[in-house]
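Participant: Under UniProt numbering, residues 1 to 463 are what the sequence shown spells out, in order.
Sharing a structure with you now.
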Amino acid sequence: MTIGSNLSLRITAILLGGFVLLQMLIWVVMALPSRGDDQRPYNLPLPTEARTMVDTLEAAPPARRASLVTMFNGSLYTVRILREPPPAPATQREGLDRLRIDYAAALPGRDIGLTGRRPLLGRMAGTRPWTSRFFAPITLTVPMRGGDLLVVDSRPSMVVRAYLRQRAFLGAVGGLLVLGVLALAVRQTTRPLVRLSAGVRRFTSDLDTPDLPVAGSREMRDLSAAFNEMKARIGGLMAERTRMLAGIAHDMRTYLTRLRLRAEFIDDSEQRAKASADLDEMAELLDDTLLLAKRDGRATPQPQRIDLATELAAIAALRVDMGDAVTLGAIPSDLAIEATPISLRRMLANLIDNGVRHGGHVSIEASADDQTVTISVADDGPGVPPETLERLGEPFGRLDPSRNRETGGAGLGLAIVRALADREGAAIRFANQPKGGFVATATFPRDNPNVSRSTRSSKVRAG
């Protein structure tokens with residue numbers, strides 16, 4: 001999961017970014033030169049203060065100088081007495097000449113030393129003096145009588161630095177706590193959106209999903225209420241459509257029954273058989289249309305664990321008994337899926353009917369990997385034009401002309417297959433085989449990735 005794909009993480013990142021930018025702004029404002037910098041630049045003592053330090057230390061006995069030095073330590077600089085000059089690092093000279101002149105004027109006759117590391121910001125932003133204030137220490141060196149050196153570093157003493165580290169640690173802990181509270185608050189705020197997203201996702205597969213709770217902010221309450229109203233209206237329209245189709249089917253069956261009775265009085269046996277076949281096709285069309293309408297957007301029955309080797313063998317044997325040329329290929333033993341048995345049987349029946357109608361011979365195979373189970377139904381017909389593959393599965397999307405030009409259909413068989421596959425959480429794919437023929441594959445999620453991979457081969461052929 002990336003930050004950009006999650007609303008809670010995105011809002012938390014925005015708040016954290018704003019907090020960091022605010023801290024950086026405060027830091028920059030503190031580093032900017034102010035009017036007081038002219039009197040106390042670089043957080044060093046004033047030239048007059050440095051002269052007072054030197055006069056006091058030179059007047060004191062050497063034994064007392066160490067104790068007096070601690071009295072001069074400030075919150076932003078440290079005072080030391082050394083016998084040898086401190087190590088001279090790579091220094092910056094730019095911007096320090098004026099300060100050196102001021103100290104030399106206050107301490108005449110002394111070789112004033114003023115050095116400092118040039119900070120990264122100084123190299124990036126130029127040689128403005130204020131850039132060294134927070135980013136690099138400045139060292140002031142003043143020779144005293146007796147050979148000692150008064151060294152003043154523009155950095156806090158060890159005690160002050162320890163205090164600052166402690167406060168920085170406490171500030172970091174407090175910042176993390178605040179960030180955690182903000183993350184919880186953001187998650188609580190976006191929870192209605194998560195519920196809305198889940199509700200919409202459920203609604204795409206089940207029109208009877210419960211209404212969303214109308215809770216949260218005013219905007220979320222309005223959105224949830226509008227979604228519930230939309231769901232109710234769509235559900236009503238779908239229910240009305242199903243009732244209308246059911247009523248039409250009921251009335252049509254009445255007329256079909258009358259026509260079937262009248263067809264029996266046709267003297268020509270050939271015409272009587274054709275009329276009876278047309279009536280059977282009309283009845284099948286009504287059943288398929290009603291089934292598709294009922295399945296569209298409605299919840300599926302409770303799925304069951306289906307042993308594919310047994311189920312596919314039974315389906316193939318039944319079709320062989322009906323006179324169809326059906327072959328059952330190698331099926332992994334103990335291979336099972338979670339599906340609705342009646343839906344699986346109807347899917348395979350429609351695919352086999354489609355293969356027998358357009359090809360003649362149909363082969364059924366199944367394979368599996370760690371995540372999915374794939375069932376394929378292939379025929380040896382001419383296949384379909386590649387540009388029409390995407391249209392397969394659309395209601396009444398019969399190809400014209402039909403694949404062998406002698407058989408047709410209402411175009412609902414594959415549409416029902418696709419609708420049932422969607423309800424079962426399976427992915428359906430239609431394709432032409434490289435060596436000729438048409439193949440439909442249904443990929444189901446596997447219920448148990450640890451089942452045995454040993455296979456048994458069951459061959460059931462038409463006699």
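The beta carbon of each residue, even a glycine, is placed where N, CA and C say it ideally should be.
Quick one: does V69 have its CB under 8 Å from some CB of chain D?
Facilitator: Here chain D cannot be found, since the structure has a single protein chain.
Participant: Tell me, to the nearest whole angstrom, how far the beta carbon of V152 is from that of V79; I am working on the premise that it is less than 8 Å.
Facilitator: That belief holds up - the Cβ atoms of V152 and V79 are roughly 5 Å apart, short of 8 Å.
Participant: Can you give the Cα-Cα distance for V173 and L99, rounded to whole angstroms?
Facilitator: So the two alpha carbons sit approximately 40 Å from each other.
Participant: Under DSSP, the alpha helix (DSSP H) around P47 begins and ends at which residues?
Facilitator: Counting along the chain, the alpha helix (DSSP H) containing P47 begins and ends at P47 to A59.
Participant: Which residues in the same chain as A421 place their Cβ atom closer than 8 Å to its Cβ, once the five residues preceding and following it in sequence are excluded?
Facilitator: Closer than 8 Å at Cβ, skipping near neighbours: M347, A427, I428 and A442.
Participant: Can you give the Cα-Cα distance for S269 and A277, rounded to whole angstroms?
Facilitator: Distance between the alpha carbons of S269 and A277: 12 Å.
Participant: Does the separation of the CB atoms of P45 and M53 fall below 8 Å?
Facilitator: Against a cut-off of 8 Å, the Cβ pair of M53 and P45 comes out as a contact.
Participant: Going by beta-carbon coordinates alone, are G359 and F438 separated by less than 8 Å?
Facilitator: Cβ atoms of G359 and F438: closer than 8 Å.
Participant: Taking the continuous beta strand (DSSP E) assigned at P445, which residues delimit it?
Facilitator: Its beta strand (DSSP E) spans residues F438 to P445.
Participant: I want to know whether the region 202-214 touches the region 180-191 - three or more CB-CB distances under 8 Å.
Facilitator: Segments in contact, no.
Participant: Return helix, strand or coil for V214, following the three-state DSSP convention.
Facilitator: Three-state result, V214: coil.
Participant: In this structure, does DSSP put D278 in helix, strand or coil?
Facilitator: Correct three-state label for D278: helix.
Participant: Could you check which residue in G355, G425 and E84 has the C-alpha nearest to that of G436?
Facilitator: Closest option to G436, Cα to Cα, is G355.
Participant: With a Cβ-Cβ cutoff of 8 Å, do H361 and A325 count as a contact?
Facilitator: Yes, these two residues count as a Cβ contact at 8 Å.
Participant: Would you mind sorting S224 into buried or exposed? The rule is 16 or more other CB atoms within 10 Å of its CB.
Facilitator: Per the 10 Å Cβ criterion, buried.
Participant: Under DSSP, the alpha helix (DSSP H) around L341 begins and ends at which residues?
Facilitator: Note that residue 341 is Pro in the sequence shown, not Leu. It spans P341 to H358 - the alpha helix (DSSP H) in which P341 sits, taken as one unbroken run.
Participant: Find the nearest neighbour of I337 within the set Q302, G180, A226 and V373, judged by alpha-carbon distance.
Facilitator: Checking every option, the nearest Cα to that of I337 belongs to V373.
Participant: Just how far apart, CA to CA, sit A13 and V194?
Facilitator: Taking the straight line joining both Cα atoms gives about 18 Å.
Participant: Using a Cβ-Cβ cut-off of 8 Å (strictly less than) and excluding sequence neighbours within five positions of M282, which residues of its own chain qualify?
Facilitator: Contacts found: M252 and L256.
Participant: For D97, count neighbouring C-beta atoms within 10 Å of its own C-beta (all shown protein chains included) and say buried if the count is 16 or more, exposed if not.
Facilitator: The residue in question, D97, is exposed, as its Cβ has fewer than 16 Cβ neighbours within 10 Å.
Participant: Quick one: measure Cβ to Cβ for I81 and L149, integer angstroms, because I've assumed they're closer than 8 Å.
Facilitator: The Cβ separation is near 7 Å, so the contact holds.
Participant: Just verifying my parser: in three-state terms, what is the DSSP assignment at V80?
Facilitator: According to the sequence provided, residue 80 is Arg. The question's Val does not apply to it. Strand at R80.
Participant: Pop quiz: I331 and A378 are said to be a contact at Cβ under 8 Å. What is the actual Cβ separation, rounded to whole angstroms?
Facilitator: The Cβ separation is near 15 Å, so there is no contact.
Participant: Grouping DSSP H, G and I as helix and E and B as strand, with all else coil, what is F135?
Facilitator: Any answer about F135 is weak, because its pLDDT of 48 lies below 50 and its placement is not dependable; what the coordinates show is given next. It is helical.
Participant: Helix, strand or coil for Q433? Go by DSSP, reduced to three states.
Facilitator: Residue state, collapsed to three classes: coil.
Participant: L237 and L290 - do their beta-carbons sit closer together than 8 Å?
Facilitator: For L290 and L237, no; Cβs fall outside 8 Å.
Participant: Is it buried or exposed for V69, if we count other Cβ within 10 angstroms and need 16 for buried?
Facilitator: By the 10 Å Cβ count, V69 comes out buried.
Participant: State buried or exposed for residue 470, treating a residue as buried only when at least 16 other CB atoms are found within 10 Å of its CB.
Facilitator: The chain is shown from 1 up to 463; residue 470 falls before or after that span and cannot be answered.
Participant: Can you name the start and end residues of the beta strand (DSSP E) that residue 507 belongs to?
Facilitator: The structure shown does not extend to residue 507, since the chain is modelled only from 1 through 463, so no value can be given for it.
Participant: Between S376 and the rest of its own chain, which residues show a CB-CB distance below 6 Å, the 5 nearest in sequence each way excluded?
Facilitator: Answer for S376: E365, V439 and T441, listed in chain order.
Participant: On the premise that L279 lies in contact with L259, defined as a C-beta separation below 8 Å, what is that separation, rounded to the nearest angstrom?
Facilitator: Contact flag correct, Cβ pair sits at about 6 Å.
Participant: Give the DSSP-derived three-state secondary structure of V384 in the structure shown.
Facilitator: If DSSP states are grouped into helix, strand and coil, V384 belongs with coil.
Participant: Quick check on T254: buried or exposed, where buried means 16 or more other Cβ atoms within 10 Å of its Cβ?
Facilitator: Under this definition T254 is an exposed residue.
Participant: I need the DSSP call for residue 466, collapsed to helix, strand or coil.
Facilitator: Since the first residue of the chain shown is 1 and the last is 463, residue 466 is not available in this structure.
Participant: Does D268 come out as helix, strand or coil in the three-state DSSP assignment?
Facilitator: In this structure, D268 counts as coil in the three-state DSSP scheme.
Participant: Whole-angstrom Cβ separation of A309 and S343, contact assumed at under 8 Å?
Facilitator: With a Cβ gap of about 19 Å, A309 and S343 do not count as contacting.
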